[in-house]
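Below is one structure, written out as structure tokens, with a few remarks after it.
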Amino acid sequence: MLSDQLDRQGRSRLCRRIEEHLRECPKCRMYVDTLRKTVVLYRSLGEESVPAAIEKRLFKTIRLAEIEMKPMVKRRKACLS
Amino acid sequence: MDSASVNEALLIQSARKGDYGAFEKLVRLNQARVYSLAFRMLGNAEDAEDVLQETFLALFRSLKNFRGGSKLSTYLHRTAVNFCMIKLRQRKRRRERQHVELEQAAESSDPRAFSLENLLESEKKALLNRLLLELGMEERAAVVLSDIEDIPNAEASRIMGITLPAFKSRLRRGREKLRKKLLPYIGKP
């Protein structure tokens, strides 16, 4: 339920009740606070960039697959080019 | 449809007609998200590269049948998650120990010695990635898709091929386990 609340997917009445409870309960407040911090930390990770060598090998692999899928005549031309 | 989606649809159309340049652009636009997902799921660059290649090869081979009914990003995420799951199951079978990069950085991030604020950005990143790898693969996939890739839960559940309640349950368990692991760093007010 608390996880859903973080996604703002919980029903509003339920959320209100949870919020009321949180104001009175330090233990639950600490739980929600640390859960929120956890999600925020992971959301801040962002994208890993693809290392140049890996990108180069990826395009080489795709190019080979493209050549394999071409009919024989086109394939011969592609290999020669 | 926004301009990015229109551009993507045009590139797919051209790529289906055999325009390699258009396919290359599609790869460039999407490679980082596939690589990131695979890296976070598998924990090392070598396996992430395998998944990156397999995912785009699968797209290349199925381009003719790709009708654009589902978004390209959904297709790529689903394909990448499937390849990651296959790799993780193979690992499990071989009883391989998970190879985690930046082990050294992770070791130096001992909670007794550092608070999260004092860690270098790279150490923090390594710690978060390491903790992620300690989750079961389905919980990890849920956290990666929802919290890192920022994909709505309904779409993420379709990517994983499970129901929305099942997805939420995995996400909840994953978040809770990570929260407990991070407690030494974030528990203090």
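In order, the protein sequences belong to chains A and B.
According to the numbering used here, the first sequence is numbered sequentially starting from 1.
According to the numbering used here, the second sequence is numbered sequentially starting from 82.
For each residue, glycine too, the CB sits at the ideal point set by N, CA and C.
Cβ-based contacts, 9 Å cut-off: residues of the region 209-222 of chain B near chain A: Leu-209, Asn-210, Leu-213
Exposed or buried, what is His-21(A) when buried is set at 16 or more other beta-carbons lying within 10 Å of its beta-carbon? exposed
Please decide whether Ala-187(B) counts as near chain A, where near means a Cβ-Cβ distance under 7 Å. Note that Ala-187(B) has pLDDT 48, beneath the 50 cutoff, so the model's placement of it is unreliable and no number is given.
Tell me the residue span of the alpha helix (DSSP H) that contains Asn-111(B). 101-123
For Gln-185(B), which three-state DSSP category applies? Confidence in Gln-185(B) is poor, its pLDDT being 47 and thus under 50, which makes the residue's placement too unreliable to answer from.
Residue of Met-241(B), Arg-239(B), Ala-235(B), Leu-214(B) minimising C-alpha distance to Arg-256(B): Leu-214(B)
Given a cut-off of 7 Å on the beta-carbon distance, is the pair Arg-120(B) and Glu-48(A) in contact? The question names Arg, but residue 120(B) in the sequence shown is Phe. The answer is yes: Cβ separation under 7 Å.
Rounded C-alpha distance that separates Leu-245(B) from Ser-203(B): 34 Å
For Arg-43(A), collect the residues of the same chain with a Cβ closer than 6 Å to its Cβ; drop the 5 residues on either side in sequence, then sort them by chain order. none
Judging by CA-CA distance, which residue of Arg-23(A), Lys-37(A), Glu-66(A) is the nearest neighbour of Lys-261(B)? Lys-37(A)
Return no unless some Cβ of chain A is closer than 7 Å to the Cβ of Gln-179(B). With a pLDDT of 49 at Gln-179(B), under the threshold of 50, the predicted position of this residue should be treated as unreliable, though the coordinate-derived value follows. So no, Gln-179(B) is outside the interface.
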